[in-house]
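Below is one structure, written out as structure tokens; the observations come after it.
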Ligand SMILES: [Zn+2]
Ligand SMILES: [Zn+2]
């Protein structure tokens, strides 16, 4: 399966500021030496050695992850503002996709904001399937689109729309399987696991990890143990996690501990704090990687920041 990250920021969209762009350019100019500029090759080499936080950005769009199990259908986890980037990419590659499967973790704004501007919703040739364990999903989405919050209501969408209230523990889409588990978060939230063949990815945004989540219960083991990768809420530093107890998010150290506990090989820290710039995000990644090294003898975990545009092949 192929996974693409289109929105990785938590709570509110976070565009790059002019100051941030100027600071990046100033820091790059400080590093450059005359020898770096002599040829196309030397310039490319110089750029390739720049830290990611200078020559790129973590991204400011809110939660949206694309998963492809087959070429002609898209599975989407959450409809944050990253949804626009996903649609832009689909158009750019001239893909004519008929069917979208959208799984919603919960209904906080940062996970829905892209929906009113998702052009596929207005196209009668598209089929859009919404999935959530919340029985009131349809009413909640209708209310979100009501005037005066948006100029047109949910009934202005022309696509063929179906709502699927998830019951039990799993559903099958083609040769893929999607399962879900409840997470601790104000008003609730669900994590999803997508499996195809021997490969699996967990999407667990808006998750406040608590002691019970580390218990090796049958349910936790079935869902989390030995997954290939997890995209996991790691919005807070350790200090913030103490200050913001019960706000519904996790620290990067808890996220690392969790991935180690369940033998998950790749951890993508997600739902980044909107107040943090790329440099701060990079320092969090460094701290999280340092933190993994304290656990000698335990299963290893590769830790990365979830970034806009990042693509995983599982
Ligand atoms: Zn959120
Ligand atoms: Zn939330």
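Residue numbers (our numbering): 104 to 417. Positions of the beta carbon are idealized from the N, C-alpha and C atoms, including for glycine. What you are looking at is a predicted structure, and each value in this text was computed from that prediction instead of being measured.
The Cβ atoms of residue 370 and residue 335 lie closer than 9 Å to each other. Residue 337 and residue 346 have their C-alpha atoms some 15 Å from each other. Only residues of its own chain outside the window of five on either side were considered, and among them 172, 173 have a CB closer than 7 Å to the CB of residue 277, listed in chain order.
A residue is called buried when at least 16 other Cβ atoms come within 10 angstroms of its Cβ; residue 138 does not meet this threshold and is exposed. Excluding five sequence positions before and after residue 268, the CB atoms of its chain that fall closer than 6 Å to its own CB belong to 238, given in chain order.
Between the C-alpha atoms of residue 404 and residue 394 there is a straight-line separation of about 11 Å. The shortest C-alpha to C-alpha distance from residue 153 to any of 318, 168, 378, 132 is the one to 132. Scanning 161, 200, 215 for the CA closest to the CA of residue 186 turns up 215.
Residue 170 sits close to residue 177, with the two beta carbons spaced by under 9 Å.
In this structure, DSSP gives residue 185 a helical state, which the three-state scheme calls helix.
Counting only unbroken stretches of 3 or more residues, the beta strand (DSSP E) elements lying wholly within the stretch 227 to 253 are 230 to 235, in sequence order. A straight-line Cα-Cα distance of about 29 Å links residue 129 and residue 114. Sequence-distant Cβ neighbours of residue 157 in its own chain, meaning closer than 7 Å and more than five residues away, are 127, 130, 131. Contact check between the stretch 250 to 265 and the stretch 215 to 229: three or more CB pairs, one atom from each, fall below 8 Å, which counts as touching.
For residue 164, the Cβ stays outside the 8 Å cut-off from all heavy atoms of ligand 2.
Unbroken alpha helix (DSSP H) stretches of 4 residues or longer found wholly inside the stretch 323 to 366: 341 to 346, 355 to 364, given in chain order. Annotation for residue 126: the continuous alpha helix (DSSP H) segment containing it runs 121 to 134. Classified as buried, residue 205 has 16 or more neighbouring CB atoms from the shown chains inside 10 Å of its CB.
For residue 243, the closest of 218, 228, 254, 230 by C-alpha to C-alpha distance is 218. Pairing residue 104 with residue 232 gives a Cβ-Cβ distance that is not under 9 Å. Short note on residue 308: C-beta closer than 8 Å to some heavy atom of ligand 1. One Cα belongs to residue 356, the other to residue 340, and the distance between them is close to 8 Å. Annotation for residue 314: no beta strand (DSSP E) segment contains it, though the alpha helix (DSSP H) segment containing it runs 314 to 317. Comparing C-alpha distances from residue 134 to each of 148, 161, 143 shows the shortest one belongs to 148.
In this structure, the CA atom of residue 300 is about 24 Å from the CA atom of residue 407.
Counting along the chain, the unbroken beta strand (DSSP E) around residue 202 starts and ends at 202 to 206.
Around the beta-carbon of residue 236, 16 or more other beta-carbon atoms lie within 10 Å, marking it buried. Around the beta carbon of residue 293, a 10 Å sphere encloses 16 or more other beta carbons of the protein chains shown; the residue is thus reported as buried. Pairwise C-beta distances place the stretch 304 to 316 in contact with the stretch 280 to 290, as three or more of them are shorter than 8 Å.
Look at residue 139: its beta carbon is at least 8 Å from all of the heavy atoms in ligand 1.
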